Ligand code: FES
């Protein structure tokens, strides 16, 4: 197993944004997407984390899962995680909650 440190900007919508870091374990040679990391965090560590997943296509078609990954806007379902740390932020200043933004 390898560990990935996932640093997420939370609560920017309140004006009191802060980074929270989660450690996610994945299989040594597994190719995982940002969406997979977010779902693992949500289901096993923090049920309060908000990101777009409801009705998501998960096939890079709907464009609703956009998130800033290490400073660049990407699709969470398509973007593969390569290193052992990653920073996720809302892609837009119109933050609804955590990583969830108005389209
Ligand atoms: S979930 Fe539709 S583009 Fe990512």
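In our numbering, the protein residues as written are 5 to 107. Idealized CB from N, CA, C, for every residue including glycine. Predicted model, so just to flag it, every value in this text is computed and none were measured.
Cβ-Cβ distance between residue i and residue j below 8 Å
i	j	result
residue 43	residue 29	no
residue 54	residue 20	no
residue 72	residue 95	yes
residue 25	residue 10	yes
residue 38	residue 104	no
residue 41	residue 85	yes
Any non-hydrogen atom of ligand 1 within 7 Å of residue i CB
i	result
residue 72	no
residue 54	no
residue 89	no
residue 104	no
Heavy atom of ligand 2 within 7 Å of residue i beta-carbon
i	result
residue 68	For the structure depicted, ligand 2 is absent and the ligand set comprises only ligand 1.
Secondary structure of residue i, DSSP reduced to three states
i	result
residue 95	coil
residue 35	coil
residue 119	Outside the shown range of the chain, which is 5 to 107, sits residue 119, and nothing can be said about it.
residue 16	helix
Neighbour-count burial assignment, residue i, 16 or more Cβ in a 10 Å radius
i	result
residue 99	buried
residue 83	buried
Cβ-based neighbour list, residue i, same chain, cut-off 6 Å, excluding 5 preceding and 5 following
i	result
residue 88	8
Sequence-distant residues of its chain with Cβ nearer than 7 Å to residue i (five each side left out)
i	result
residue 32	5 and 6
residue 66	60
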